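Structure, as structure tokens:
Number of protein chains: 2
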Amino acid sequence: MPAPKKKSSPHATEPKPRGEAFVQTVLQVTLQQLADVGFEKLSIPDVAARAGVNRTSIYRRWRTKEVLVRHALDAAMDHSEGLATTGDLRTDLIALAQTVAHFLQSPTGTAVVRILLAEGSNPELRLLANKAYGNASDRAPFALLAQAKARGEIAPDVDASTLLFTIAGALMHRVFVEQGRATVTYIAQVVDLVLKGATRYAKEELLETHYRSAHAS
Amino acid sequence: MPAPKKKSSPHATEPKPRGEAFVQTVLQVTLQQLADVGFEKLSIPDVAARAGVNRTSIYRRWRTKEVLVRHALDAAMDHSEGLATTGDLRTDLIALAQTVAHFLQSPTGTAVVRILLAEGSNPELRLLANKAYGNASDRAPFALLAQAKARGEIAPDVDASTLLFTIAGALMHRVFVEQGRATVTYIAQVVDLVLKGATRYAKEELLETHYRSAHAS
DNA sequence: CGGACATTGCAACTTTGAGTTGCAATCACT
DNA sequence: AGTGATTGCAACTCAAAGTTGCAATGTCCG
Numbered sequence: 022m023p024a025p026k027k028k029s030s031p032h033a034t035e036p037k038p039r040g041e042a043f044v045q046t047v048l049q050v051t052l053q054q055l056a057d058v059g060f061e062k063l064s065i066p067d068v069a070a071r072a073g074v075n076r077t078s079i080y081r082r083w084r085t086k087e088v089l090v091r092h093a094l095d096a097a098m099d100h101s102e103g104l105a106t107t108g109d110l111r112t113d114l115i116a117l118a119q120t121v122a123h124f125l126q127s128p129t130g131t132a133v134v135r136i137l138l139a140e141g142s143n144p145e146l147r148l149l150a151n152k153a154y155g156n157a158s159d160r161a162p163f164a165l166l167a168q169a170k171a172r173g174e175i176a177p178d179v180d181a182s183t184l185l186f187t188i189a190g191a192l193m194h195r196v197f198v199e200q201g202r203a204t205v206t207y208i209a210q211v212v213d214l215v216l217k218g219a220t221r222y223a224k225e226e227l228l229e230t231h232y233r234s235a236h237a238s
Numbered sequence: 022m023p024a025p026k027k028k029s030s031p032h033a034t035e036p037k038p039r040g041e042a043f044v045q046t047v048l049q050v051t052l053q054q055l056a057d058v059g060f061e062k063l064s065i066p067d068v069a070a071r072a073g074v075n076r077t078s079i080y081r082r083w084r085t086k087e088v089l090v091r092h093a094l095d096a097a098m099d100h101s102e103g104l105a106t107t108g109d110l111r112t113d114l115i116a117l118a119q120t121v122a123h124f125l126q127s128p129t130g131t132a133v134v135r136i137l138l139a140e141g142s143n144p145e146l147r148l149l150a151n152k153a154y155g156n157a158s159d160r161a162p163f164a165l166l167a168q169a170k171a172r173g174e175i176a177p178d179v180d181a182s183t184l185l186f187t188i189a190g191a192l193m194h195r196v197f198v199e200q201g202r203a204t205v206t207y208i209a210q211v212v213d214l215v216l217k218g219a220t221r222y223a224k225e226e227l228l229e230t231h232y233r234s235a236h237a238s
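In order, the protein sequences belong to chains A and B.
Heads up: the first sequence begins at 22 in my numbering, then just goes up one per residue.
Heads up: the second sequence begins at 22 in my numbering, then just goes up one per residue.
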């Protein structure tokens with residue numbers, strides 16, 4: 022008997038009655054609320070009201086606020102998209118930064134960052150938020166930089182995490198502190214800054230350096 | 022409301038009774054509490070208990086939590102230190118970043134950032150937090166960069182705020198997301214990254230660019 | 001010194017909002 | 001149709017914020 026599920030009977034022994042829609046609605050609203058008012062101000066009665074359901078029903082499924090939020094975040098971060106790489110470092114970094122920016126500006130991302138910053142305690146929640154945060158950009162970025170470094174495209178003494186976190190920090194500052202949009206233009210500016218440096222046009226100095234090293238050997 | 026201080030006697034018309042010490046204690050504790058539990062979880066009864074005073078007394082002076090926090094922040098950001106500049110851009114930027122990092126890691130700074138990120142609404146509070154944030158580094162940094170740009174030390178198309186906010190964002194990420202210390206080493210790394218760029222050693226490409234621009238037209 | 005004024009503390013009260021429980025209504029699936 | 005599970009509803013408990021009247025204490029000034 023084809024049992025992809027848990028029960029042997031072919032008919033749905035795991036009935037997804039109105040319950041499934043219920044769960045989805047509540048988790049959705051929880052995320053929204055999380056982004057809007059933050060973790061601390063989020064309350065189950067509020068979520069219930071906004072979701073158009075009764076508090077009691079929520080309390081019965083998720084005993085506490087923490088559990089509810091955990092499940093909401095869990096459900097929200099299932100879709101980890103692979104990061105397509107073109108081989109051009111600048112292009113790839115911009116694409117990556119766009120992914121991160123998109124995440125930061127989404128309800129989920131906002132919620133996650135708020136938890137990360139405000140919930141210094143609550144190790145369980147922090148862990149989950151960290152997971153969600155890391156999930157948005159996985160390990161791929163590090164591979165990206167390792168390759169670039171192997172190609173000699175970036176300096177060997179540049180720390181990959183410093184570079185990535187600087188970009189991420191710039192985006193966070195843009196979105197949350199300045200409360201501005203992280204446009205493609207802005208993202209490109211940041212990436213270019215970090216890649217080429219602010220002093221990129223001091224050609225004389227660079228040439229000098231080159232000649233010196235060329236003549237030295 | 023302002024106390025009726027207009028007395029006929031020329032002596033201390035602004036009496037500082039036990040009230041002054043009271044105010045200072047409460048504001049101090051408020052700041053501490055703000056950094057410890059954040060704005061949302063902060064409650065006047067808690068502050069009262071921690072300050073060893075009665076809630077009622079606090080309620081009478083500051084009607085709401087918002088007012089109390091506003092005054093606490095106001096009192097905390099009086100000392101704006103001038104930024105000494107040496108003329109060397111890298112040195113000055115590192116010094117500046119250290120000031121910012123120091124602020125971010127202080128109770129006041131933590132509180133301010135938490136408010137900035139969590140209190141997207143509350144325009145009044147946000148405004149004050151912004152003021153406190155900006156206060157940590159005033160306009161001096163912009164002058165710094167303007168001078169460097171005038172000297173041709175940095176590229177003319179580099180946006181000053183992008184550069185500064187990228188550094189600030191990197192520090193915020195370090196302190197709040199990674200929850201690590203912003204050491205001098207790390208700060209120098211970030212500043213160097215932003216100034217020189219990750220691709221600083223790709224001499225061939227830079228030379229190529231130079232030759233092209235030299236031979237072209 | 002002493003009396004008026006202001007400030008703080010104290011205790012009891014009201015209010016608000018989270019969380020709980022028993023029961024009726026509803027839906028799903030046999 | 002009937003049975004079991006799920007949701008809604010209404011009334012409750014409980015904790016903590018905020019309020020008020022009054023007593024106690026300190027300060028100022030004649």
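All residues carry an ideal CB built from backbone N, CA and C; glycine is no exception.
Note that the coordinates shown come from a computational prediction; the quantities given were computed from them, not determined experimentally.
Between Val198(A) and Val215(B), which are expected to be in contact by the criterion C-beta below 8 angstroms, what is the C-beta distance as a whole number of angstroms? So it is not a contact: roughly 17 angstroms between Cβ atoms.
Would you mind telling me which residues of chain A sit closer than 8 angstroms to Lys62(B), beta carbon to beta carbon, in chain order? Glu61
Could you check how far apart the C-beta atoms of Glu87(B) and Ala139(B) are, in whole angstroms? I think they sit under 8 angstroms. 13 angstroms between Cβ atoms; not a contact.
With a threshold of 7 angstroms (Cβ to nearest heavy atom), would Val50(A) be considered close to the ligand NAP? Ligands are entirely absent from the displayed structure, and the ligand NAP is therefore not among its contents.
Can the beta-carbon of Leu63(A) be found closer than 8 angstroms to that of Gln49(A)? no
Quick one: grab the DSSP three-state call for Thr120(B). helix
Hey, does Glu199(B) have any beta-carbon neighbour from chain A nearer than 8 angstroms? yes
List the whole-angstrom C-beta distance separating Val134(A) from Met98(A), where the pair is believed to meet the contact cut-off of C-beta under 8 angstroms. Contact flag wrong, Cβ pair sits at about 13 angstroms.
If contact means a Cβ-Cβ distance below 8 angstroms, which residues of the region 78 to 103 of chain B contact chain A? none
Which residues bound the alpha helix (DSSP H) around Met193(B)? 181 to 193
With DSSP as the reference, label Ile136(A) as helix, strand or coil. helix
Okay, do the region 67 to 87 of chain A and the region 102 to 115 of chain A touch, 3+ Cβ pairs below 8 angstroms being the bar? no
Within the chosen definition, does the region 202 to 211 of chain A reach the region 113 to 126 of chain A through at least 3 CB pairs nearer than 8 angstroms? yes
Rounded to the nearest angstrom, how far is the Cβ of Leu149(B) from that of Leu94(B), given a contact under 8 angstroms? 5 angstroms
Between Val179(A), Tyr80(A), Gln210(A), Pro128(A), which lies nearest to Val58(A) when the distance is taken from Cα to Cα? Pro128(A)
Within 10 angstroms of the Cβ of Asp213(B), are there 16 or more other Cβ atoms? Answer buried if so, exposed if not. buried
According to the Cβ coordinates, are Leu89(A) and Ala219(B) closer than 8 angstroms? no
May I have the straight-line CA-CA distance separating Ala169(A) from Gln119(B), to the nearest angstrom? 30 angstroms
Nearest to Glu174(A) by alpha carbon, out of Val44(B), Arg221(B), Trp83(B), Pro66(B)? Arg221(B)
Taking Cβ positions only, does His123(B) come closer than 8 angstroms to chain A? no
Under 7 angstroms Cβ to Cβ from Val68(B), same chain only, skipping five residues before and after it: list those, please. Val47, Val50, Thr51, Gln54, Ile79
Comparing the C-beta of Gln113(B) with each C-beta of chain A, is any distance below 8 angstroms? Inspection of the sequence shows that residue 113(B) is occupied by Asp rather than by Gln. With 8 angstroms as the cut-off, Asp113(B) does not count as an interface residue toward chain A.
Given this structure, state the Cα-to-Cα distance separating Trp83(A) from Asp159(A), to the nearest angstrom. 29 angstroms
Contact belief for Asp180(A) with Gln210(B) at Cβ below 8 angstroms, rounded distance in angstroms: 6 angstroms
If you measure from the beta carbon of Ala69(B) to each beta carbon in chain A, is any gap under 8 angstroms? no
Taking all protein chains shown into account, decide if Arg81(B) is buried (16 or more other Cβ within 10 angstroms of its Cβ) or exposed. exposed
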